[in-house]
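Numbering-wise, the sequence shown is residues 1 to 162 according to the UniProt record's numbering.
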Amino acid sequence: MSDTTIEIRFVLNGAPVRTRVQPHETLLDVLRRDFALYGARESCGQGLCGCCTLDVNGETVSGCLYLAAMADGATVGTIEQLDADGTLDPVQEAFIECGAFQCGFCTSGMIMMSRELLRHNADPSESDIKSYLSGNLCRCATYPEVVSAVRLAACKRRKESA
1 MSDTTIEIRF VLNGAPVRTR VQPHETLLDV LRRDFALYGA RESCGQGLCG
51 CCTLDVNGET VSGCLYLAAM ADGATVGTIE QLDADGTLDP VQEAFIECGA
101 FQCGFCTSGM IMMSRELLRH NADPSESDIK SYLSGNLCRC ATYPEVVSAV
151 RLAACKRRKE SA
């Protein structure tokens with residue numbers, strides 16, 4: 001039996017890493033198995049729920065669909081990088097202040113997508129937020145709190161940049 005793994009190298013949460021992967025393995029599986037990063041979770045396995053949201057080269061992706069081999073040479077960010085220096089990201093702070101989670105299963109994906117939205121739109125309307133986060137599902141139905149959290153995070157970010 002031959003070794004069908006390939007070596008990939010990428011920057012993970014600011015640090016260069018390398019690992020061996022099977023061609024069919026997802027980035028989410030590899031991050032959990034090889035790097036013990038459990039913030040992103042697989043729920044639907046079809047890229048429909050947003051729980052597995054990761055950042056690859058500055059764009060959000062569904063980690064359950066993104067092949068690990070495609071991350072070779074990329075810059076990958078996970079929810080774990082947001083408070084790496086001990087300070088919460090304004091989006092994380094806002095989610096806590098607004099109680100925008102219950103069970104927490106979807107929270108990392110919601111936060112990652114909210115950060116992506118705020119990179120593109122510093123002052124989103126309620127409609128913008130709902131539209132942008134429409135691919136992130138929450139079984140606990142914390143949607144009103146999530147909208148409030150994103151609005152608060154936008155305000156916090158504007159104050160930081162002023």
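C-beta: ideal position from N, C-alpha, C; glycine also.
What you are looking at is a predicted structure, and each value in this text was computed from that prediction instead of being measured.
Of the listed residues the options, nearest to residue i (C-alpha basis)
i	options	result
V146	R115, F10, S43	R115
E25	G39, Y66, L54	Y66
V91	D3, G45, K156	K156
D72	L12, Y38, E59	L12
Assigned exposure category for residue i - 16 Cβ within 10 Å defines buried
i	result
I96	exposed
R158	exposed
residue 164	For residue 164 there is no data in the structure shown, the boundaries of the chain being 1 and 162.
R9	exposed
V150	buried
P16	exposed
A74	buried
C52	buried
A162	exposed
N57	exposed
S148	buried
Neighbourhood of residue i by C-beta, 7 Å cutoff - its chain only, sequence neighbours within 5 removed
i	result
E7	R18, R20
N121	D128
M1	With a pLDDT of 43 at M1, under the threshold of 50, the modelled position of that residue is not reliable, and no figure is offered here.
F101	F95, T107, T142
V30	T19, V21, A68
L152	A94, E97, C98
T78	N13, L31, L37, G39, A40, L54
First and last residue of the uninterrupted alpha helix (DSSP H) at residue i
i	result
L152	143 to 161
L118	107 to 120
Y132	126 to 132
Limits of the unbroken beta strand (DSSP E) element including residue i
i	result
I6	6 to 12
T26	From DSSP, T26 is part of no beta strand (DSSP E); its letter is neither H nor E.
Residues near residue i by beta carbon distance below 8 Å, same chain, minus five either side
i	result
P124	L117, L118, Y132, V150, R151, A154
V61	L27, T53, L54, D55
Cutoff 6 Å; reference residue i; Cβ partners in own chain excluding five residues on either side
i	result
D34	T19
Original post:
Curious, which full-length beta strand (DSSP E) runs of at least 3 residues does the region 55 to 106 contain?
Top reply: 59 to 62, 75 to 77
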